[in-house]
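Q: Please read through the structure below; I'll follow up with questions.
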Amino acid sequence: MNRTNDIGVVGLGVMGANLARNLAGHGFRVSGFARHLDAAHALAAAYPAAKLEIAASLAELVRGLERPRRVLLMVNAGQPVDDVLDGLDPLLEQGDVVVDGGNSLYLDTERRLARAKTRPWSFVGMGVSGGAEGALNGPAIMPGGDPASYERLRPLLEKIAARSTTGACVTWCGHGSAGHFVKMVHNGIEYGDMQLIAEVVLLMRQGLQLSGGQAAAAFAAWNTSELESYLIEITRDILRTPDPDKGAGSLLLDAILDQAGQKGTGAWTVNAAIELGVAIPTIAAAVDARSLSAARPLRLAVSERLGGAAGTLAGVSVEDLGEALYAAKIASYAQGFALLARASAERGYATDLAEVARIWTAGCIIRARFLERVRAAFRDEPTQESLVLAPDFSADLARREPAWRRVVAAATLAGLPVPGLAASLSWFDTLRTARGSAAMIQAQRDYFGSHTYERVERPGVAVHSDWAGLRGRV
183 MNRTNDIGVV
193 GLGVMGANLA
203 RNLAGHGFRV
213 SGFARHLDAA
223 HALAAAYPAA
233 KLEIAASLAE
243 LVRGLERPRR
253 VLLMVNAGQP
263 VDDVLDGLDP
273 LLEQGDVVVD
283 GGNSLYLDTE
293 RRLARAKTRP
303 WSFVGMGVSG
313 GAEGALNGPA
323 IMPGGDPASY
333 ERLRPLLEKI
343 AARSTTGACV
353 TWCGHGSAGH
363 FVKMVHNGIE
373 YGDMQLIAEV
383 VLLMRQGLQL
393 SGGQAAAAFA
403 AWNTSELESY
413 LIEITRDILR
423 TPDPDKGAGS
433 LLLDAILDQA
443 GQKGTGAWTV
453 NAAIELGVAI
463 PTIAAAVDAR
473 SLSAARPLRL
483 AVSERLGGAA
493 GTLAGVSVED
503 LGEALYAAKI
513 ASYAQGFALL
523 ARASAERGYA
533 TDLAEVARIW
543 TAGCIIRARF
553 LERVRAAFRD
563 EPTQESLVLA
573 PDFSADLARR
583 EPAWRRVVAA
593 ATLAGLPVPG
603 LAASLSWFDT
613 LRTARGSAAM
623 IQAQRDYFGS
633 HTYERVERPG
643 VAVHSDWAGL
653 RGRV
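Under our numbering, read the sequence shown as residues 183 to 656, first letter to last.
Printed below as a string of structure tokens:
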């Protein structure tokens, strides 16, 4: 290497390459290493202004770094991360920091942190959101782990992160695997947001028979309101994009196979919620909807046998759809932040929920005006048990509830699937019902399995009844 570099980037795919260029664009000296050296050299040649140095090996990369060293891994999650750590392990020294900036499962991050405790170098799990464009121009960045390691990274991360009115969209997300846990929940909320928006588009186009242009106009108007967000913005653009193979009057959207992909972070979020005992039905419905969409041959067979939805929405307006979307969005975010709060308490993360909302206001996929209000709610009441208890959000839900019900009821009557909107409304109804169906479940459990129950007047005291014997006394 011809110079001493500030940071080394291992993995120069789209995200790694763009983060390397972002770092270089902010004045940092960057070296890179990738398995395919020809492609790495081609990247450096394509962007000479970045002055990227390409190392021929991990050893050469490490030798060329300023001490204590900073190494950013942007390789695929799973075994590739462990393989790179194996290669770096004998090369690193006291005070060096290795950062995994990929979409790693937080449990893998915990395992790698345990390994690093026996080494002179430290390990940081860090979520990065914003896609390829964000990586280049400013992502939202979610590092966790040892606070001292974060301070070593902070000067670089604050320079390359997206910026909002409240500053750089990066913060220390908590101890241990908090960075990757926060990023996982971000992606879970993203699943929910996307599903809710997609359902509203379905209701517009099939239920209300709106053209792509009319639907786009509604999303354009919403993007100047409380619903303003990146996902609303791109939905507007999608609804305006013609099919290049068919020309004017067509929509590229209509040419896309109705079968959604997923990379696993949504399912990870649902699994974590189950383990921690937090209900996140909106996100779970979004994951289920993608899984059902993948079963396209089955859906086609069932549609042919039983008939597809052909009804139209009755008694519902475009304005109602906007109100329902916003109410369900509150429910989805309340679920996601409840999961973050529970994980922080159970796993000792010490995550600042207001700060998480703040760094999501720019750069990331779920960036939205809405998050400023989420930040304010947790800033005013850091131990808020649920967003729905925050006065502003309570009022929002009360005001939008009638439209929300109309939309879900009309969609159900029309046979149009709205799993996200319906799950959100059912969650809301369950949450505000002081006495619901759980007493019957406890009675059933005690009847067949002697699992006991608690009486209303003696909470905390386990009781078992001889149900058959009691029935015989009547």
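Ideal Cβ positions, reconstructed from N, Cα and C, are used throughout, including at glycine.
Please go through the same chain and pick out, in chain order, the residues whose beta-carbon is closer than 7 Å to the beta-carbon of T533, but skip the five residues on each side of it.
A: Taking the sequence shown and counting its residues from 1, one reaches residue 533 at position 351. Excluding sequence neighbours, T533 sits near C355, G356, A360, V364, L522 and S526.
Q: Would you kindly check if the distance between the Cβ of I420 and the Cβ of I379 is under 8 Å?
A: For this step, residue 379 is matched to residue 197 along the sequence shown. For this step, residue 420 is matched to residue 238 along the sequence shown. Result no, Cβ atoms of I379 and I420 do not sit closer than 8 Å.
Q: With 16 as the cutoff for other CB atoms within 10 Å, does N187 come out buried or exposed?
A: As a position in the sequence shown, residue 187 is number 5, starting the count at 1. Its Cβ being crowded by 16 or more others within 10 Å, N187 is buried.
Q: Can at least three beta-carbon pairs, one atom from the segment 310–327 and one from the segment 336–356, be found at a separation below 8 Å?
A: Enough Cβ pairs lie closer than 8 Å, so yes.
Q: Relative to the C-alpha of L385, which residue among E315, G642, I371 and A496 is closest?
A: One-based indexing of the sequence shown puts residue 385 at position 203. Of the listed residues, the one whose Cα sits closest to L385 is A496.
Q: Leaving out five residues on either side along the sequence, give the residues of the same chain with a beta carbon under 7 Å from the beta carbon of V266.
A: For the purposes of this step, residue 266 is taken as the residue at position 84 of the sequence shown. Answer for V266: V192, L255 and V257, listed in chain order.
Q: Going by DSSP in three states, G190 sits in which element: helix, strand or coil?
A: Position 8 of the sequence shown, counted from the first residue, corresponds to residue 190. Of the three classes helix, strand and coil, the one that applies to G190 here is strand, per DSSP.
Q: So if DSSP puts L254 in a beta bridge, which residue, or which two residues, is it bridged to?
A: Residue numbering aside, residue 254 sits at position 72 when the sequence shown is read from its first letter. L254 pairs with V191 and V281.
Q: Helix, strand or coil: which one does DSSP assign to Y515?
A: Walking along the sequence shown from the start, residue 515 turns up at place 333. Correct three-state label for Y515: helix.
Q: Given a cut-off of 8 Å, decide if L335 and V306 are closer than it, judged by their beta-carbon atoms.
A: On the sequence shown, position 124 is the one that residue 306 refers to. On the sequence shown, position 153 is the one that residue 335 refers to. It is a contact, given that the beta carbons lie within the stated cut-off.
Q: Could you check where the beta strand (DSSP E) with A322 kicks off and where it finishes?
A: The sequence position of residue 322 within the sequence shown is 140, counting from 1. A322 to P325 is the extent of the beta strand (DSSP E) around A322.
Q: For the beta strand (DSSP E) that G209 lies in, which residues bound it at each end?
A: Here the question's residue 209 lines up with position 27 in the sequence shown. Note, G209: premise wrong, no beta strand (DSSP E); not H, not E.
Q: Tell me which residue opens and which closes the beta strand (DSSP E) that S393 is part of.
A: In the sequence shown, counting from the first residue as 1, residue 393 sits at position 211. Neither: S393 is in no beta strand (DSSP E) and is coded neither H nor E.
Q: Use the C-beta contact count for V263: other C-beta atoms within 10 angstroms, 16 or more gives buried, fewer gives exposed.
A: What you label residue 263 is simply residue 81 of the sequence shown in a count that begins at 1. It counts as buried.
Q: Three or more beta-carbon pairs under 8 Å between the segment 558–566 and the segment 417–433, yes or no?
A: No: the two stretches stay apart, fewer than three of their Cβ pairs being nearer than 8 Å.
Q: Can you grab the Cα-Cα spacing for the pair D502 / R582, in whole Å?
A: As a first step, residue 502 is located in the sequence shown; it is residue number 320 there, counting from the start. As a first step, residue 582 is located in the sequence shown; it is residue number 400 there, counting from the start. Using only the alpha carbons, I get a separation of about 8 Å.
Q: Any idea what DSSP makes of Y288, helix, strand or coil?
A: Walking along the sequence shown from the start, residue 288 turns up at place 106. Y288: helix per DSSP, three-state reduction.
Q: So, G459 versus L598, is the Cβ gap smaller than 8 Å?
A: Counting from one through the sequence shown, the residue named residue 459 turns up at place 277. Counting from one through the sequence shown, the residue named residue 598 turns up at place 416. No. Outside cutoff.
Q: G209 to I189, Cα distance in whole Å?
A: The sequence position of residue 209 within the sequence shown is 27, counting from 1. The sequence position of residue 189 within the sequence shown is 7, counting from 1. Looking at the two C-alpha atoms, the distance is approximately 11 Å.
Q: What's the C-alpha gap between L143 and R249?
A: One cannot answer for residue 143 here, as it falls past the ends of the chain, which runs 183 to 656.
Q: Going by beta-carbon coordinates alone, are L225 and A206 separated by less than 8 Å?
A: For this step, residue 225 is matched to residue 43 along the sequence shown. For this step, residue 206 is matched to residue 24 along the sequence shown. No, the Cβ-Cβ distance between L225 and A206 is not below 8 Å.
Q: Within 10 Å of its beta-carbon, does N204 have 16 or more other beta-carbons around it, so buried, or fewer, so exposed?
A: Taking the sequence shown and counting its residues from 1, the one referred to as residue 204 is at position 22. That one is buried.
Q: Three Cβ pairs or more, each shorter than 8 Å: is that satisfied between the segment 431–442 and the segment 499–516?
A: Counting Cβ pairs under 8 Å, fewer than three are found: no touch.
Q: Could you give the first and the last residue of the continuous alpha helix (DSSP H) run that contains R640?
A: As a working mapping, residue 640 is identified with position 458 in the sequence shown. Not the alpha helix (DSSP H): R640 falls in the beta strand (DSSP E), residues R640 to V645.
Q: Whose CA, out of C351, G518, H362 and T612, lies closest to the CA of C546?
A: Locating residue 546 in the sequence shown gives position 364, counting from the first residue. Minimum Cα distance to C546 is reached at C351.
Q: I'd like the list of long-range same chain contacts for A314, defined as Cβ closer than 6 Å, with 5 residues on each side in sequence excluded.
A: One-based indexing of the sequence shown puts residue 314 at position 132. Only V196 and N200 meet the Cβ criterion.
Q: Taking the alpha carbon of R472 as the reference point, which residue from K233, M308, P601 and A237 has its own alpha carbon closest?
A: On the sequence shown, residue 472 is found 290 positions in, with the first residue counted as 1. Taking only the C-alpha atoms, the option nearest R472 is P601.
Q: Would you call the CB atoms of L667 and V244 closer than 8 Å?
A: Limits of the chain in this structure are 183 at one end and 656 at the other, which puts residue 667 out of reach.
Q: Taking only runs of the alpha helix (DSSP H) that begin and end inside the segment 409–475, which ones reach a length of at least 4 residues, in chain order?
A: The segment 409–475 contains these whole alpha helix (DSSP H) runs: 412–420 and 447–458.
Q: I need the DSSP call for S608, collapsed to helix, strand or coil.
A: Taking the first residue of the sequence shown as position 1, residue 608 is located at position 426. Looking at S608 - three-state DSSP - the assignment turns out to be helix.
Q: Taking the beta strand (DSSP E) that R637 falls in, what are its first and last residues?
A: Mapped onto the sequence shown, residue 637 falls at position 455. Here the beta strand (DSSP E) through R637 covers Y635 to R637.
Q: Using the beta-carbon count (16 or more within 10 Å), is V325 buried or exposed?
A: In the sequence shown, the residue the question calls residue 325 occupies position 143. Note that residue 325 is Pro in the sequence shown, not Val. Burial call: buried.
Q: Per DSSP, which one or two residues make a beta bridge with L247?
A: Position 65 of the sequence shown holds residue 247. L247 is bridged to N187.
Q: Tell me whether R581 sits in a helix, a strand or coil according to DSSP, three-state version.
A: Looking up residue 581 in the sequence shown gives position 399. DSSP places R581 in helix when its eight states are reduced to three.
Q: Report the three-state DSSP secondary structure of I547 (helix, strand or coil).
A: For the purposes of this step, residue 547 is taken as the residue at position 365 of the sequence shown. Coil at I547, not helix or strand.
Q: Tell me, to the nearest whole angstrom, how far the beta carbon of V279 is from that of R252; I am working on the premise that it is less than 8 Å.
A: For this step, residue 279 is matched to residue 97 along the sequence shown. For this step, residue 252 is matched to residue 70 along the sequence shown. Yes, they are in contact, since the Cβ atoms of V279 and R252 sit about 5 Å apart, within 8 Å.
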